[in-house]
Amino acid sequence: MVAGLNQLKERYPFIVDVRGQGLYIGVELVTDPQTLEPATAMAKTVVERMKSEQRILLNTNGYDNHIIKIKPPMIIGEQDVDRLVTALDQVFATV
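This is the structure we're talking about:
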């Protein structure tokens with residue numbers, strides 16, 4: 362999952378960090394990679410669109426709620442990971 366999210370990080374300049382341990386992963390979004398201004402509204406939009414359009418539940422975290430929090434179930438498989446990364450790619454492409 363982290364490898365796929367890091368590929369998205371290379372593609373989208375508003376993703377400045379992918380971090381986590383085990384099945385608790387965060388994707389940090391900013392409005393400007395230079396100033397690192399938190400992208401709170403964008404993170405909220407991504408989470409809402411993932412829920413309504415992709416039927417994938419995510420959340421936000423961090424002081425400014427600009428980190429997308431991913432906590433998949435323990436039984437997650439490769440197909441699920443691929444679906445998550447693809448769905449995030451589709452949503453990121455349009456925000």
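Add 361 to a position in the sequence shown, counting from 1, and you land on the number used in my numbering.
For each residue, glycine too, the CB sits at the ideal point set by N, CA and C.
Where L369 sits in the DSSP three-state scheme: Working through the sequence shown from its first residue, we reach residue 369 at position 8. In this structure, L369 counts as helix in the three-state DSSP scheme.
Residue from M411, P399, G383 whose Cα sits closest to the Cα of L419: Working through the sequence shown from its first residue, we reach residue 419 at position 58. Comparing Cα positions, the closest option is M411.
Exposure of I386, with buried meaning 16 or more beta-carbon neighbours within 10 Å: Here residue 386 is taken as the residue at index 25 of the sequence shown, counted from 1. Buried: at least 16 other Cβ atoms inside 10 Å.
In DSSP terms, what Y424 is bridged to: Start at 1 with the first residue of the sequence shown, and residue 424 comes out as number 63. For Y424, which the question treats as bridged, DSSP gives no partner whatsoever.
Rounded separation between D450 and V363 - CA only: For the purposes of this step, residue 450 is taken as the residue at position 89 of the sequence shown. For the purposes of this step, residue 363 is taken as the residue at position 2 of the sequence shown. The straight-line gap from Cα to Cα measures roughly 14 Å.
Cross-strand partners of V391 (DSSP beta bridge): Reading the sequence shown from its first residue, position 30 is the one you call residue 391. Residue pairing for V391: DSSP places it in a beta bridge opposite P399.
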